Structures are given as C-alpha cells and as structure tokens.
Amino acid sequence: MATSMSSHRVCRSVCRSAPQRALAPSAGRRRAVVVLASEKAGKLLLEARRKYETGDKLGSVKLYEEVLDEDPSITQRQASFHGQTAVHAAFGDVELAQMTLRAAIQEGLDFEQALQDPDLVEITTSQQIIIQLRNFNKQALKAQTVAAARNQAANIGRAASSRRSSDMDLADILGRPNDDRLDIDASPLGIAKRVALLLLVMVLSGTALFFIGLETMFPKY
24 MATSMSSHRV CRSVCRSAPQ RALAPSAGRR RAVVVLASEK AGKLLLEARR
74 KYETGDKLGS VKLYEEVLDE DPSITQRQAS FHGQTAVHAA FGDVELAQMT
124 LRAAIQEGLD FEQALQDPDL VEITTSQQII IQLRNFNKQA LKAQTVAAAR
174 NQAANIGRAA SSRRSSDMDL ADILGRPNDD RLDIDASPLG IAKRVALLLL
224 VMVLSGTALF FIGLETMFPK Y
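Going by this note's numbering, the sequence shown opens with residue 24, and the numbers climb by one from there.
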C-alpha cells in the first residue's frame with residue numbers, strides 16, 4: 024500500500040504541468056510574484072535537503088514535491104526532481120527514481136555533473152543503483168537526441184513538401200511555357216501566332232457574312 028501511494032505521488036509530481044502562476048495587474052507586480060515564489064521554492068529546497076541528510080527521507084520527498092507548486096526556476100525544478108530521485112534511490116526503488124530522473128533530464132539536468140555538484144543533495148544508495156541510474160541517463164539522453172533529429176528532419180521535409188506543393192499549384196494555374204504536356208504554347212511567339220490566326224478567322228468570317236448578306240438582299244433570278 025505504501026509503495027502504491029508513493030508511486031501515485033511521484034506520478035502526480037512528474038506528470039504535473041507547469042505550475043499556475045498568480046495573475047497580476049501589471050508587469051512590475053508580476054515580477055514581484057515570481058521572485059517571491061522562487062524564494063519560497065529555495066527555502067523548501069533547503070529544508071528538504073536538511074531532512075534528507077538527517078534521515079527523514081519521507082519528509083524530504085514531500086518538500087521536494089511541494090517545490091513544484093511554488094513557481095520555481097528551471098534550476099530549482101532540476102534540484103527538486105534530483106532530490107526526489109535521491110530519496111527513491113535511497114529507498115532502493117529504481118523505477119520511481121528513473122521516473123523522477125527522466126523529469127530532471129527533461130528540465131535540462133546533467134546527471135553526471137549533478138552527482139558531483141555540491142549544491143545538490145548527494146545520492147546515498149548502493150553502487151548498483153547508481154550504475155543503473157547512469158545507464159538510464161545515457162539511454163534518456165540518446166532518446167532525446169534521436170527524437171530531436173527526427174523532429175528536425177520532419178520539419179525540413181514538411182517545409183520542402185510545402186514549397187514543392189506551392190510550385191506545382193502555381194504551375195498548374197499559370198501553365199508552363201514550352202511544356203510538351205501542354206497543348207497551348209504560352210511563349211510570346213505562340214501568343215502572337217494565336218492572335219494572328221484569330222484575326223484571320225475573323226476577317227474570313229466577316230467576308231463570308233458580307234457576301235451572304237448581298238445574296239440575301241439582291242437574289243439572282
């Protein structure tokens with residue numbers, strides 16, 4: 024039951040969207056709200072670390088989760104998820120530790136550097152779990168790199184496809200000069216030939232109509 028509750032709490036923490044910020048009537052007021060929230064997040068991080076280092080792991084993880092509700096900065100979010108990872112690793116729960124580590128990596132945390140960072144809580148667990156987390160970190164970074172490359176390739180492909188589609192649409196509307204697939208020659212010379220032919224047809228038609236009119240008005244008996 025305790026594991027289930029812990030897993031639910033971690034999922035809620037990791038899956039939580041960006042915290043809602045208090046609305047303010049002005050930009051100046053807005054900046055003040057953000058600064059106060061970040062200061063509170065910093066105090067929570069300090070207290071969470073104190074509890075972690077004195078052995079109160081459950082109290083520590085609760086405070087680390089509360090940090091995310093206080094409009095933390097990116098660095099504070101990284102510290103929060105790293106702290107949660109440390110707690111779960113200390114309890115030997117690799118699965119939950121990987122969940123929070125993934126969230127930390129998505130926030131931009133360098134896990135290898137974090138292990139040596141004195142400003143972050145030290146992960147005190149077995150060497151085997153540390154190795155597992157390091158391997159997971161490598162896999163997560165590789166997956167991020169592959170996903171970014173795929174997205175970039177997809178964006179380039181969509182842009183190229185859009186350009187080709189636009190070119191084809193314009194060509195279909197305007198026609199292509201001297202295109203063998205077209206029956207109409209859109210070149211200046213072709214246009215001039217069609218105009219001359221039209222004038223010739225009009226002259227011949229007018230002449231024929233003139234003689235037909237004469238025959239009608241002055242029939243021959």
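Beta carbons are placed, not taken as given, at the ideal position from N, Cα and C, and that holds for glycine.
The model shown is predicted, which means the values in this text are computed figures rather than measured ones.
Item                                                                                              : Value
Touch test, the region 82 to 96 against the region 59 to 73, Cβ-Cβ under 8 Å, three pairs minimum : yes
Pairwise C-alpha distance: T239 and I214                                                          : 37 Å
N174 burial status per 10 Å Cβ neighbour count (16 or more: buried)                               : exposed
Burial state of P95 (16 or more Cβ within 10 Å)                                                   : buried
Limits of the alpha helix (DSSP H) - the one that E89 falls within                                : K80 to V90
Span separating the alpha-carbon of E62 from that of A137                                         : 22 Å
Delimiting residues of the alpha helix (DSSP H) encompassing G106                                 : I97 to A113
Straight-line gap, V169 to A176 (C-alpha atoms, nearest Å)                                        : 11 Å
Environment of I250 [buried if 16+ CB atoms lie within 10 Å]                                      : Given that the chain is displayed from residue 24 to residue 244, the structure contains no residue 250 and the question cannot be resolved.
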